[in-house]
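Input: a single structure, listed below in structure tokens.
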């Protein structure tokens, strides 16, 4: 699965693209199952945040996600976007029923400047939303073109109506949001400030109204340059803090999968 020049131009101009049918239904089902299994077991090292659950460095914590990094479609998209020497950014997240606010995912000191050798920012995330958002706004929403702006709240708002199996690739500097809290959720968040308790209440709330669990998997990659390295360093530090870990080393199976796909880390 190669990206064409029009898709690459769209990514550079708008800051995002949707690539349809990257994963098969069976692969989507596997991702969804292993993620639900992980978050359903409270003995796992789950992080409760934004009224839901998350796990950073998810490739290490959830082995059933790792096949993504040797999937031929995924690997080819990474190479098309960031070149044959593309680097995995040592960052991956799994989210379960999380709410959100507007934010950007870049962490550099100045990701809109030029590097010492004239290089520019080229770090991206690939996201898979494992349920159908074609008829709702609960998937990913972005501000078109905001990756070239330092300001958070500028740019045309675009709801990305992704379907299971679609990949969303976006510049980490783009302003984006997941699902904002509705009126009921805002009240609960105001009354109950405990993230774990919020997550349980909202999980029951979704089941009451027949809303499927919202699950997404993200990982980062980029052109091998100063900006990507800075992102890797700061991301590892953030993951270590979230996971209460003193150090980081890439999971051996993850490294093997990357190598088999011809990807660098």
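Numbering (this note's numbering), first residue to last: -12 to 252.
The C-beta atom is built at its ideal place from N, Cα and C for all residues, glycine as well.
No experiment lies behind these values; they were computed from the predicted model shown.
For the pair residue 99 and residue 139, the CB atoms are not nearer than the 7 Å cut-off. Secondary structure at residue 80: strand, using DSSP grouped into helix, strand and coil. Listed in chain order, the beta strand (DSSP E) elements of length 3 or more contained wholly in the region -11 to 57 are 3 to 6, 34 to 36, 39 to 43. CA-to-CA, the gap between residue 185 and residue 30 works out to about 18 Å.
The alpha-carbon of residue 119 is positioned some 12 Å away from that of residue 154. Of all C-beta pairs linking the region 48 to 59 to the region 162 to 170, fewer than three are shorter than 8 Å, placing the two stretches out of contact. Exposed is the label assigned to residue 11, since fewer than 16 other Cβ atoms lie within 10 Å of its Cβ. With a cutoff of 7 Å on beta-carbon distance, residue 214 and residue 95 are scored as near each other. With a cut-off of 8 Å on Cβ pairs, the region 132 to 149 is not in contact with the region 194 to 202, counting fewer than three such pairs. When C-beta atoms of the region 38 to 46 are compared with those of the region 68 to 86, three or more pairs fall below 8 Å, so the two segments count as touching. Under the three-state reduction of DSSP output, residue 192 falls in the helix class. Residue 220 carries a helical assignment under DSSP once its states are collapsed to helix, strand and coil. Contact annotation: residue 223 and residue 22 have beta-carbon atoms that are not nearer than 7 Å. With contacts defined by Cβ atoms closer than 7 Å, residue 157 and residue 3 form a contacting pair. Remark: C-beta atoms of residue 93 and residue -12 do not approach each other more closely than 7 Å. If you draw a 10 Å sphere on the C-beta of residue 59, you find fewer than 16 other C-beta atoms in it, and that means exposed.
Distance from residue 41 to residue 85 at the Cβ level is roughly 6 Å; contact confirmed, criterion being Cβ atoms closer than 8 Å.
Sequence-distant partners of residue 74 (beyond 5 residues in either direction) whose C-beta falls short of 7 Å from its own C-beta, in its chain, are 208, 209, 211, 215, 251, 252.
DSSP links residue 111 through a beta bridge to 158, 208. Contact between residue 126 and residue 149 holds: CB atoms are separated by about 5 Å, below the 8 Å threshold. In this structure, the CA atom of residue 9 is about 18 Å from the CA atom of residue 245. If you ignore the 5 residues before and after residue 39, its C-beta comes within less than 6 Å of the C-beta of 83, 84, 85, 186, all in its own chain and listed in chain order.
When the beta-carbon positions are compared, residue 15 and residue 151 come within less than 7 Å of each other. Here DSSP, grouped into helix, strand and coil, assigns residue 134 to helix.
Going by DSSP, residue 198 is part of no alpha helix (DSSP H) at all; its letter is neither H nor E.
One alpha carbon belongs to residue 134, the other to residue 1, and they sit about 8 Å apart. Contact annotation, residue 240 with residue 50: C-beta distance approximately 7 Å; criterion of less than 8 Å satisfied.
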